[in-house]
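Presented below is the structure to which this report refers.
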Amino acid sequence: MDTTTYSPHPPSLTIAQLGNPILREHARALSTAQYRDMAPFFKALEQKMLAHNGVGIAAPQVSESVRAFIVASRPNARYPYAPLMSPTLMLNPELIWTSDDMEKDWEGCLSIPGMRARVNRHTSIEVRYLTLTGEEVSTRMEGFIARIFQHELDHLNGIVFLDRADKADYATEAEFLKLMQKA
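Per the UniProt record's numbering, the very first residue in the sequence shown carries number 1; after that it's consecutive.
In structure tokens, the structure reads:
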């Protein structure tokens, strides 16, 4: 059993970049005591995501290999058409059902700045996760929110979005923005 304890003070977080081995690790599950101790870390994680116009961020992206991420869809400079969803911390998240319907759409990642790629994802999913208070939540997600969940869950399993994309579907951020202006 992992008995790691965490500081009660919010850490200064640095986003791990592609090539950092932590992004390829399978993150470890958290016990109730651990995730309650990590509340300041999760607040700092949310602040880091918001500061970088992210719509989601996983703990491994800031070099903490635990099964936790935040989904926080909202329109911003990186995702102008994103639907609005309050930041939601998801601990020990699981994908419990996926639709047969898939859609290829653009993704980016705070750990891979300057790159985008079209990734095929399930359009509808059912998920289960724990809240910071230990409450189990089961819910259905659709569209862009489902895409974010799948992208962040991949981070917990050592997968980055480029692993799921065809090389022909890669684009720099600059080219992606040009494509979006034409659309």
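Even glycine gets a Cβ: it sits at the ideal position worked out from N, Cα and C.
Since this is a predicted model, take the numbers as computed values, not measurements.
Candidates the options: which alpha carbon is nearest residue i's?
i	options	result
residue 93	139, 117 and 15	139
residue 55	146, 180, 156 and 166	146
residue 176	107, 162 and 48	107
residue 120	101, 80, 50 and 83	101
residue 45	178, 125, 104 and 66	66
residue 29	156, 42, 173 and 164	156
residue 111	169, 178, 182 and 154	154
residue 20	31, 63 and 12	63
residue 53	113, 39 and 136	113
Taking only three categories from DSSP, how would you classify residue i?
i	result
residue 19	coil
residue 105	strand
residue 115	strand
residue 6	Its pLDDT being 46, under 50, residue 6 is placed unreliably in this model, and the value from its coordinates should be taken loosely. Coil at residue 6, not helix or strand.
residue 164	helix
residue 36	helix
residue 177	helix
In the DSSP assignment, find the beta strand (DSSP E) that holds residue i and state where it starts and stops.
i	result
residue 91	88-98
residue 129	124-130
residue 170	170-172
residue 188	In the structure as shown, the chain starts at 1 and stops at 183, and residue 188 therefore has no counterpart that could be examined.
Over the uninterrupted alpha helix (DSSP H) stretch that includes residue i, give me the two end residues.
i	result
residue 143	143-156
residue 41	39-51
Can you pull the DSSP bridge partners for residue i?
i	result
residue 136	130
residue 69	58 and 90
residue 121	103
residue 28	66
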